[in-house]
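A short write-up of the structure that comes next.
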């Protein structure tokens, strides 16, 4: 039998292999476990808006990617049904942003996840709440491989 942690790792590998958006932004997955994920990204010059701060859409994408890995970690294809984000501080070129997702609720086909985004000084940059919807009978990894 494959452990929930091993399944989450296989989901991470499967999702990240085809995640062109996250890869294009230099986002990396630092950790995953059932219902949680940690992703990191360094703010590049091409991510800055006209005020030389990281574009809010880029911060949102980091949080949304973290949300996606966390809510799919149970190996049931899950999509966002909505989210809200509050950007509470600016991030600048060279800042290293870390997003951490926590599963708040998972009932039936819906879930709620909170994601915090902080910088390298552990200063809060954004808070994101995502609502997820599971697609019935659609695993991310069709046949999880047991650890040998």
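Residue numbers (this note's numbering): 2 to 149.
Virtual Cβ for every residue (Gly too), placed ideally from N, Cα, C.
Item, Value
"How many angstroms separate the CA atom of residue 135 from the CA atom of residue 77?", "6 Å"
"For residue 42, list the residues DSSP reports as bridge partners.", "98"
"Residue 5 and residue 35 look like a contact to me (Cβ under 8 Å); what is the Cβ gap, rounded to whole Å?", "5 Å"
"Using CA atoms only, rank isn't needed, just tell me which of 75, 50, 131 is closest to residue 138.", "75"
"Using only the alpha-carbon positions, how far apart do residue 107 and residue 63 sit?", "22 Å"
"Can you grab the Cα-Cα spacing for the pair residue 69 / residue 114, in whole Å?", "10 Å"
"For residue 98, tell me which candidate among 73, 111, 118, 84 has the shortest Cα-Cα distance.", "118"
"Which of the three DSSP states, helix, strand or coil, is assigned to residue 83?", "strand"
"Excluding the 5 residues flanking residue 33 on each side, which residues of the same chain have their C-beta closer than 8 Å to its C-beta?", "9, 10, 12, 13, 39, 70, 71, 74"
"In the DSSP assignment, find the alpha helix (DSSP H) that holds residue 66 and state where it starts and stops.", "57–73"
"Take residue 53 as the anchor and find which of 66, 93, 25, 88 has the nearest alpha-carbon.", "93"
"Taking a contact to mean a Cβ-Cβ separation below 9 Å, would you say residue 102 touches residue 124 in this structure?", "no"
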